[in-house]
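Residue numbers (our numbering): 1 to 288.
Backbone N, C-alpha and C fix where the C-beta goes; we use that ideal spot for every residue, glycine too.
Computed from a predicted structure; not experimentally measured.
Here is the structure we will look at.
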Amino acid sequence: MQYKAIFFDWDGTAVKSRKEPVDSVVELMKKLLSKDVKMIIISGTTYDKIADGKLHEYFTKQELGNLYLGLGRGAHNYSFKEGKPLLHKEFLPSQEEKLKIHGSVFLLHQHLLREYGLDSDIVFTRPNYCKLDLMVNHDRSDNLFLQEGETEMLQDILHKHGIREGLIELMKLAEDFGKKNGITIKATTDAKYLEAGLTTKSDNVDYFVENVLKPENINMKECCFWGDEFIYLDKGIPGSDAYMITEKTRIAEFYDVSEIDAERPEEVKRLGGGTMQFHLFLKQQFER
């Protein structure tokens with residue numbers, strides 16, 4: 001099938017690492033964008049981390065007219081105008097809300113240390129959420145996406161510290177501390193990090209469905225979604241890419257390029273093959 005819109009994650013799906021040249025995936029993207037296929041990158045990162053903030057320089061103005069980015073875990077949505085990124089509506093917390101998010105995550109950090117002796121680090125410098133590093137001695141290096149064995153590694157750490165319910169207990173604690181701070185927190189995780197904020201990738205996706213696809217009369221059966229973090233990290237806890245599955249998108253096609261053997265949401269088809277599988281799909285699309 002030829003799709004009219006392709007949503008995809010960046011790290012681990014389009015590229016293996018942020019230090020890897022983007023030329024190969026860009027070349028494939030250009031051929032589809034020139035055919036008026038909508039391509040929408042959905043990533044938890046920020047624009048400066050994708051092709052060093054120079055992604056727009058790889059495309060013509062006509063190609064950029066079909067390229068969009070939903071970034072920052074729901075925070076930023078971009079299109080392009082006159083060859084430059086154009087920031088649309090942002091989903092950013094007020095300063096007071098941001099302080100409440102920070103305070104809630106700090107309370108969780110203190111609770112884990114006080115009650116369980118578990119060390120954690122906090123990354124405060126994100127536009128609309130905080131990251132709590134649960135595996136402080138584990139370095140992903142340039143591969144910032146979920147790695148084989150990390151889920152089991154984290155569960156082992158949590159159990160050794162007496163957190164018997166594992167990740168689900170931490171997610172609930174994050175939400176509970178949010179309530180104590182007077183804010184409703186949405187907690188997600190990629191095993192190494194627990195992320196707490198007001199939005200998720202779902203907000204990026206739904207924005208583009210309403211503001212790009214519907215005006216172009218593109219329906220969900222003409223769309224597909226690609227990622228490498230769909231697997232359930234624990235019972236009831238899906239990976240970050242599973243948040244692209246929303247009530248608005250559920251009838252589209254979802255493909256996972258991860259090699260990790262684990263349960264996935266029923267909407268997702270496991271393909272494996274990593275970034276090469278995604279590149280092959282793009283190649284097949286413009287050859288049809």
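{"Item": "Assess contact between the stretch 73-88 and the stretch 40-59, defined as three or more Cβ pairs (one per stretch) separated by less than 8 Å. Is contact present?", "Value": "yes"}
{"Item": "Find out if the Cβ-Cβ distance for the pair N290, V37 is shorter than 8 Å.", "Value": "There is no way to answer for residue 290, as the model of the chain reaches only from 1 to 288."}
{"Item": "Excluding sequence positions up to five away, which residues of its chain have a Cβ less than 7 Å from the Cβ of Y116?", "Value": "H161, G162 and I163"}
{"Item": "Quick one: Cα of N134 to Cα of L107, how far?", "Value": "Per the sequence presented here, residue 134 reads as Leu, with Asn not at that position. Rounded to the nearest angstrom, the two C-alpha atoms are 14 Å apart."}
{"Item": "Mind checking who V105 pairs with in its DSSP beta bridge?", "Value": "Its beta-bridge partners do not exist; DSSP assigns none."}
{"Item": "Tell me the DSSP secondary structure of E169 in three-state form.", "Value": "helix"}
{"Item": "Three-state secondary structure (DSSP) at D261?", "Value": "coil"}
{"Item": "When the Cβ atoms of the stretch 223-231 are set against those of the stretch 241-259, are three or more pairs found closer than 8 Å?", "Value": "yes"}
{"Item": "Is the separation between the beta-carbon of T200 and that of T188 shorter than 8 Å?", "Value": "yes"}
{"Item": "Measure the Cβ-Cβ separation of V105 and D119 and say whether it is below 8 Å.", "Value": "no"}
{"Item": "Considering only the alpha carbon of each residue, which of A14, Y68 and E27 lies closest to G83?", "Value": "Y68"}
{"Item": "According to DSSP, simplified to helix, strand and coil, what is T275?", "Value": "helix"}
{"Item": "Determine the DSSP secondary structure at L194, reduced to helix, strand or coil.", "Value": "strand"}
{"Item": "Using only alpha-carbon positions, find the residue among K16, Y47, P127 and E20 that is nearest to G197.", "Value": "P127"}
{"Item": "When you compare only the Cα positions, how much space is there between K180 and K100?", "Value": "10 Å"}
{"Item": "Which one or two residues does DSSP pair with H76 in a beta bridge?", "Value": "L71"}
{"Item": "Thinking just about the alpha-carbon of each residue, which of P265, K81 and A191 is nearest to the one in K61?", "Value": "K81"}
{"Item": "Opposite R114 in the DSSP bridges: which residues?", "Value": "Note: R114 sits in no beta bridge, so no partner."}
{"Item": "Would L131 and E195 be called neighbours here (beta carbons separated by less than 8 Å)?", "Value": "The sequence given here has Lys at residue 131, not Leu. Cβ distance < 8 Å, so K131 and E195 count as in contact."}
{"Item": "Please specify which runs of the beta strand (DSSP E), each continuous and at least 3 residues long, are wholly inside the stretch 210-243, giving them in chain order.", "Value": "223-227 and 232-234"}
{"Item": "Excluding five sequence neighbours on each side, which residues of the same chain lie with their C-beta closer than 7 Å to the C-beta of L112?", "Value": "L118 and S120"}
{"Item": "As a quick exercise: from L282, E266 and D261, pick the residue whose alpha carbon is nearest that of G272.", "Value": "D261"}
{"Item": "Got a sec, what are the start and stop residues for the alpha helix (DSSP H) F208 sits in?", "Value": "K201 to F208"}
{"Item": "What does the alpha-carbon distance come out to for the pair L173 and H159?", "Value": "16 Å"}
{"Item": "To the nearest whole angstrom, what separates the beta carbons of G178 and I168, a pair I think is in contact under 8 Å?", "Value": "G178 to I168, Cβ: 16 Å. No contact."}
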